[in-house]
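In terms of my numbering, the sequence shown opens at residue 3 and continues consecutively. For glycine and all other residues, C-beta sits at the position ideal for the given N, C-alpha and C.
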Amino acid sequence: MFKRLRTRQMKRYLITGASRGIGRAIAEKLAAADVTLLLHGRDTVALADTRKAVEPHCAQVILLIHDLAESSGVSDLIAEVGAQPIELLVNNAGVAVVKPFGEITQIEWEQTVGVNVTAPFMLTQHFVPKMPPGSSIVNILSIAARTGFANWSAYCMSKFALEGFSQSVREELRDRKIRVINLYPAATDTNIWDHIEGKWPRRKMISPKDVASAVAYALSRPADVALENITLSNLTGNL
Ligand code: NAP
């Protein structure tokens with residue numbers, strides 16, 4: 003008797019901000035033989051390092067270099083991903099402008115909205131119509147999506163906005179069996195802190211790998227089980 007050959011269903015995962023930090027950790031965690039990873043970033047050298055880490059473990063890696071602060075950059079990214087559906091969108095790329103609200107420039111405000119809110123909106127709106135049932139959208143929010151912090155007004159504004167958008171989209175997609183999984187990490191030890199004034203206890207922060215493990219766990223649940231809102235707190239200090 004001939005054995006029936008089973009072809010494994012190939013999947014395409016798009017992760018924004020995969021050049022470093024949480025995005026890179028997610029890419030490393032989700033790399034698998036049946037997955038094509040579409041990895042976005044701006045820094046070509048850092049993104050190539052991510053590629054090096056994941057390439058041996060997945061079917062294919064495609065690098066996408068675009069600035070998401072402008073909607074034209076998001077449109078270019080969408081065009082490069084092409085018409086084939088994706089099974090997972092990870093809205094991870096993000097910026098943090100941290101200063102008293104009186105000092106925030108309009109350009110900083112608009113860039114924050116562009117990267118943290120408009121890009122996830124445009125990507126979600128574009129990719130969802132072709133997503134098959136069982137697909138997922140992962141949004142990397144923050145504990146700052148639900149609580150205000152002094153000097154973090156632009157950042158909190160953007161995460162609260164993405165929170166409202168994603169909670170509503172989740173309800174629209176429930177019947178299509180598309181899961182919207184929101185992550186709310188506390189302070190996580192990544193390069194985002196390099197540009198934030200002040201002394202931050204980096205070694206006490208959550209590791210990006212812990213955030214990635216939470217994402218992988220939520221995605222590994224049966225398709226009809228949605229782990230929808232995951233907060234990662236840090237028990238080693240008030241972070
Ligand atoms: P990170 O190490 O600074 O990485 C940020 C990523 O976003 C990089 O890949 C970066 O790309 C990309 N990015 C930034 N500005 C961009 C732009 N204008 N256009 C395109 N890509 C851009 O920070 P992270 O901590 O991993 O942050 C990832 C996500 O986690 C963000 O949404 C952040 O708000 C969220 N988060 C972080 C923490 C934390 O404490 N670290 C806590 C909660 C939530 P390039 O480097 O290639 O430019």
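Which class does V130 belong to by DSSP, given the choice of helix, strand or coil? helix
Which listed residue (L91, I194, R53) has its alpha carbon closest to that of T18: L91
Straight-line Cα distance separating P134 from L79: 21 Å
Mind pulling the beta strand (DSSP E) runs of 3 or more residues that sit fully within the segment 188 to 238? 231 to 234
Beta-carbon spacing of N141, N184 below 7 Å: yes
Distance between Q108 and V100 (C-alpha atoms, nearest Å): 14 Å
Mind reading off the beta-carbon distance from L40 to V56? Whole number of angstroms is fine, and I expect it under 8 Å. So it is not a contact: roughly 11 Å between Cβ atoms.
Sort out for me which residues DSSP pairs G43 with in a bridge. I67
What does the alpha-carbon distance come out to for the pair L70 and A121? 6 Å
If you follow the beta strand (DSSP E) that K13 is in, where does it begin and where does it stop? 13 to 17
Using the three-state DSSP reduction, which class does N94 fall into: helix, strand or coil? coil
So does the segment 161 to 176 actually touch the segment 192 to 209, counting three or more Cβ pairs closer than 8 Å? no
Could you give the C-beta distance for A27 and K211, rounded to a whole number, given that I count them as a contact under 8 Å? 5 Å
Grouping DSSP H, G and I as helix and E and B as strand, with all else coil, what is I183? strand
Top-ranked residue by Cα proximity to L66, from E72, C60, H42: H42
Taking DSSP as the reference, what is the three-state secondary structure of V99? coil
Cβ pair K132, P87 closer than 7 Å: yes
With distances taken Cα to Cα, identify the nearest neighbour of V224 among R181, E199, M124. The residue asked about is misnamed: residue 224 is Pro in this sequence, not Val. Closest by alpha carbon: R181.
So, at 7 Å on beta carbons, what are the nonlocal neighbours of V117 in its own chain, with the 5 sequence-adjacent residues on each side left out? L70, A71, A95, G96, V97
Whole angstroms is fine: what's the gap from A35's alpha carbon to E174's? 32 Å
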